[in-house]
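Everything on this sheet refers to the single structure shown next.
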Amino acid sequence: AGEGEGEDGSSDDELKSLVDKVLGRGDDGGEGGGGGGNRTPREANLSSRVEDHVRLLAYEHFLSTGCLLPPSSVPLATDEEYLGGACIGLARDLERYGVGRATVRDAASVRLARDLVGDVLDRLLLFDFRNGPLRRKYDGTKYAMRTLETVLYELSVTGTSAEGGKGGDKGDDGDVEPDLKKMKVEGSPAEEDAMDVDKQKEEGGDGPVIPGDSSSPPKEERIPSSQIESLRLRMEHRDELRERLIKRCRDGQKAAKQAIYALHRGDVGRARKLMGQCEDCVKKDLLPIVEEEPGLRYGSFANVMEEYAEARLFYSWLVGDEEEKEGKVDTPAAVVLQPDAFPLHLEPAEYLGGLCDLTGEVGRFAVQRGTARDSDGVRMCLETNMSILHALETLDRFPSRSDIGKKMGPLRNSVRKLERMLYEMSLVEATGGKRNVAVESAHVHDGEKDGND
Numbered sequence: 001a002g003e004g005e006g007e008d009g010s011s012d013d014e015l016k017s018l019v020d021k022v023l024g025r026g027d028d029g030g031e032g033g034g035g036g037g038n039r040t041p042r043e044a045n046l047s048s049r050v051e052d053h054v055r056l057l058a059y060e061h062f063l064s065t066g067c068l069l070p071p072s073s074v075p076l077a078t079d080e081e082y083l084g085g086a087c088i089g090l091a092r093d094l095e096r097y098g099v100g101r102a103t104v105r106d107a108a109s110v111r112l113a114r115d116l117v118g119d120v121l122d123r124l125l126l127f128d129f130r131n132g133p134l135r136r137k138y139d140g141t142k143y144a145m146r147t148l149e150t151v152l153y154e155l156s157v158t159g160t161s162a163e164g165g166k167g168g169d170k171g172d173d174g175d176v177e178p179d180l181k182k183m184k185v186e187g188s189p190a191e192e193d194a195m196d197v198d199k200q201k202e203e204g205g206d207g208p209v210i211p212g213d214s215s216s217p218p219k220e221e222r223i224p225s226s227q228i229e230s231l232r233l234r235m236e237h238r239d240e241l242r243e244r245l246i247k248r249c250r251d252g253q254k255a256a257k258q259a260i261y262a263l264h265r266g267d268v269g270r271a272r273k274l275m276g277q278c279e280d281c282v283k284k285d286l287l288p289i290v291e292e293e294p295g296l297r298y299g300s301f302a303n304v305m306e307e308y309a310e311a312r313l314f315y316s317w318l319v320g321d322e323e324e325k326e327g328k329v330d331t332p333a334a335v336v337l338q339p340d341a342f343p344l345h346l347e348p349a350e351y352l353g354g355l356c357d358l359t360g361e362v363g364r365f366a367v368q369r370g371t372a373r374d375s376d377g378v379r380m381c382l383e384t385n386m387s388i389l390h391a392l393e394t395l396d397r398f399p400s401r402s403d404i405g406k407k408m409g410p411l412r413n414s415v416r417k418l419e420r421m422l423y424e425m426s427l428v429e430a431t432g433g434k435r436n437v438a439v440e441s442a443h444v445h446d447g448e449k450d451g452n453d
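Okay, structure coming up:
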């Protein structure tokens, strides 16, 4: 037994060392202490692993104290990781725990698990979970509560009371006396609880501290209400930031889109003005929110930055460095901005997303040049899109939290369409323009005929 305990201790020390090494961020590394901490998003699936670790600590804490693990005990976990592991995940573990204790007729431990899950559910009902992982996991807490209540009911039906006692003793007439009658006859409730606890200890029960024991925690101590309330207020504040960000993002994204439309119409001056409005919106309204809550960068804000990158890339490709140029552009400068040439900082995913979207605008410009029978202009558009496609295909992998992989298909289609367009224009040029002339002549004759009629 001593050797096994040593191995368990070594595993726990190794796990703690690994967690501290991966998640250690200094004194303000997390949110458990109530200060907000570092909200930098986790890489890859690290957040799920942290949630699993918190879930393990919460289960161990329950087995030793019968209480919920307080957020201050896991300062390196974010609020969402704490709720997912120490509250919702623990509820599912207590569901299995209750079924296991019911197998050995330990109704007191099942009741304690039921009470704690009920307390957790009451606190979670105060939260306004938005659509996301926590909202989907939250329903599991209700299922765990229903399972534990069902198990307690089944135990009572089979003669095991919720206070930990088993079916009543036989009376003088041979009938089984109910527990309530036996309690009134044989002793006080406190004495009965003490007898039940001693009996469970003799049977080798391995459950947590149960009600009736001198070390059993009062109901108000099972849940760290004040810490969870502080956590709820922090999450509400972040929800308000998110709502403000979404509303302001619409203005920035609209300005970037209108700048692209203005470039297609040949209104370079208005496009320049609209891009300036987008930059002001990002600097003054959006960046302060994102700096306070870095997790909000992925979503509406990333869409704005991607749209802005597309507008800036298209402006540079079309106009180049001529800031004072006005009017419609027939011959593009064909200059693709580098990531460090933007007035605003762009994440790799935002720049690459804007680069993929640029090919769509280049394709639209190619259609305009094709209508004007400008084969050189169409060829330049094709070369631009092919260069972007080849550059993206040389990347080993795309940035996480991006949908660049989904944009590769439309990019390849754009290249194929431009190749087909250039081929058809070459056929027209090879015939000396007779096809176009014939079509125009036919329209003229039809018009004259209609007029004569």
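Mapping the sequence shown onto UniProt numbering, position 167 (from 1) lands on 167, and the numbers just tick up by one. All C-beta atoms in this analysis are idealised placements derived from N, C-alpha and C, irrespective of residue type, glycine included.
| Asked | Found |
| --- | --- |
| Contact set for glutamine 253: own chain, Cβ-Cβ below 7 Å, skip 5 residues either direction | Asn303, Val304, Glu307 |
| Exposed unless 16 or more other CB atoms sit within 10 angstroms - verdict on alanine 44 | exposed |
| Sequence-distant residues of the same chain with beta carbon closer than 6 Å to aspartate 13, five excluded per side | none |
| CB contact flag (alanine 309, glutamate 350, <8 Å) | yes |
| Nearest-angstrom Cβ-Cβ length linking glycine 98 and leucine 148, presumed shorter than 8 Å | 5 Å |
| Proximity of glycine 353 and serine 402 at Cβ, strictly below 8 Å | yes |
| Buried or exposed (CB count within 10 angstroms, at least 16 for buried), alanine 262 | buried |
| Selected residue, minimal CA-CA separation from histidine 237, among Glu293, Pro70, Ala311, Arg250 | Glu293 |
| Nearest to alanine 430 (by Cα), restricted to the options Met380, Gly85, Leu411, Ser375 | Ser375 |
| Span of the alpha helix (DSSP H) around tyrosine 153 | 133-157 |
| Pair within 8 Å by beta-carbon distance, leucine 90 and tyrosine 59 | yes |
| Lysine 407 versus threonine 359 - alpha carbon distance | 10 Å |
| Sequence-distant residues of the same chain with beta carbon closer than 6 Å to alanine 86, five excluded per side | Val54, Ala58, Leu69 |
| When Lys16, Leu287, Leu121 are compared against arginine 244, the one with the closest alpha-carbon | Leu287 |
| Cβ neighbour criterion (16 or more within 10 Å) applied to arginine 312 | buried |
| Beta-carbon contacts of residue 472 that lie in its chain and below 7 Å, excluding the five residues immediately before and after | The first residue shown for the chain is 1 and the last is 453, placing residue 472 beyond what the model contains. |
| Member of Gly266, Ile289, Val74, Tyr298 whose CA lies at the smallest distance from the CA of proline 399 | Tyr298 |
| Span separating the alpha-carbon of arginine 123 from that of valine 117 | 10 Å |
| Beta-carbon proximity of glycine 405 to asparagine 385, cut-off 8 Å | no |
| Closest by C-alpha distance to arginine 265, when choosing among Gly276, Glu326, Cys249 | Glu326 |
| Euclidean distance between Cα positions of histidine 390 and alanine 333 | 20 Å |
| Whole runs of the alpha helix (DSSP H) within the segment 284-346, excluding any shorter than 4 residues | 287-292, 300-319 |
| Nonlocal neighbours in the same chain, by C-beta distance under 7 Å from serine 414, ignoring five residues either side | Thr359, Gly360, Gly363, Asn385 |
| CB contact flag (asparagine 141, isoleucine 88, <8 Å) | Sequence check: residue 141 is threonine here, not asparagine. Yes. |
| Beta carbon of phenylalanine 301 nearer than 8 Å to that of cysteine 381 | no |
| Contiguous alpha helix (DSSP H) assignments of at least 4 residues, all confined to the segment 224-286 | 225-265, 268-281 |
| Span separating the alpha-carbon of lysine 284 from that of serine 73 | 37 Å |
| DSSP-derived helix/strand/coil call for asparagine 385 | helix |
| Leucine 69 beta carbon near the ligand ADP (any heavy atom closer than 7 Å) | Although the ligand ADP was asked about, the structure shown includes no ligands whatsoever. |
| Threonine 65 - containing alpha helix (DSSP H), residue span | 46-65 |
| Classification of serine 11 by the beta-carbon crowding that lies within 10 angstroms, buried from 16 upward | exposed |
| Pick from His345, Thr331, Asp330 that is closest to leucine 337, judged by C-alpha positions | His345 |
| Glycine 118 - containing alpha helix (DSSP H), residue span | 107-124 |
| Own chain partners of aspartate 251 with C-beta closer than 7 Å, once the 5 adjacent residues on each side are dropped | Cys281 |
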